[in-house]
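A.B. asks:
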């Protein structure tokens with residue numbers, strides 16, 4: 021009987037769940053990954069829920085920047101208690117595209133005890149994707165720091181950066197509703 025390691029087991033599951041139509045749609049829409057299997061988010065969540073949290077495995081998956089599903093799954097299985105500020109910064113700086121950034125921020129970074137500090141670090145970055153990530157994390161702190169986050173979102177809105185403009189406007193709108 022053949023024994024498979026954790027990466028092989030995950031890759032086999034991803035391969036079994038592949039969807040050519042979804043993969044082609046993502047390619048056409050400009051997904052930055054070279055290999056796209058078209059596995060949808062609920063299926064990735066299912067895989068994550070049946071996989072023990074494992075930092076080493078998550079790091080290997082995150083390092084596979086060519087495969088969309090690897091980068092989306094990695095933040096779902098990384099144990100939050102093992103993530104350091106430095107490693108979180110490194111992951112944020114190596115994210116590819118808004119889809120992977122959204123999953124990284126929602127499934128991992130926002131849950132870290134230093135999430136707000138991490139978001140503030142990237143709020144004025146030169147890189148628009150890093151500022152996008154900052155706004156995605158800050159969204160979860162609107163009830164705690166509404167004025168600070170509003171100022172950051174207003175600065176971002178003034179930048180007129182296409183990647184962050186809509187998110188900055190939504191953040192301001194949410195804060196105005198909240199206050």
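Residue numbers (the working numbering): 21 to 199.
Using N, Cα and C, we set each Cβ at its ideal position, and we do this for glycine too.
Since the model is a prediction, treat every value here as computed from it, not as a measurement.
With residue 80 as the anchor, note down where its alpha helix (DSSP H) starts and where it stops.
C.D. replies: Unbroken alpha helix (DSSP H) run through residue 80: 75 to 83.
A.B. asks: Between residue 23 and residue 29, what straight-line distance do the alpha-carbon atoms span, to the nearest angstrom?
C.D. replies: About 9 Å.
A.B. asks: Please tell me whether, using a cut-off of 7 Å, the distance from the CB of residue 152 to the nearest non-hydrogen atom of the ligand SAM is below it.
C.D. replies: Ligands are entirely absent from the displayed structure, and the ligand SAM is therefore not among its contents.
A.B. asks: Looking at residue 123 and residue 95, is the spacing between their C-beta atoms short of 8 Å?
C.D. replies: Closer than 8 Å, so yes.
A.B. asks: Can you check which of these residues, 191, 188 and 93, is closest to residue 74 by C-alpha distance?
C.D. replies: For the residues 191, 188 and 93, the minimum Cα distance to residue 74 belongs to 93.
A.B. asks: Short check: CB of residue 85 to CB of residue 56, under 8 Å?
C.D. replies: In this structure, residue 56 does not lie closer than 8 Å to residue 85 by Cβ.
A.B. asks: Determine the burial state of residue 36: buried for a count of at least 16 other Cβ atoms within 10 Å of its Cβ, exposed for fewer.
C.D. replies: With fewer than 16 Cβ atoms within 10 Å of its Cβ, residue 36 is classed as exposed.
A.B. asks: Decide if the segment 125 to 135 is in contact with the segment 162 to 170; the criterion is three or more beta carbon pairs, one per stretch, under 8 Å apart.
C.D. replies: As far as the Cβ criterion goes, the segment 125 to 135 does not touch the segment 162 to 170, which means the pair count is below three.
A.B. asks: Using the Cα positions of residue 76 and residue 32, report the straight-line distance between them to the nearest angstrom.
C.D. replies: Whole-angstrom Cα-Cα distance: 19 Å.
A.B. asks: Round the Cβ separation of residue 142 and residue 187 to the nearest angstrom and send it over; I've been treating them as touching at under 8 Å.
C.D. replies: That belief does not hold up - the Cβ atoms of residue 142 and residue 187 are roughly 13 Å apart, past 8 Å.
A.B. asks: Quick one: grab the DSSP three-state call for residue 42.
C.D. replies: Residue 42 falls in the helix class under three-state DSSP.
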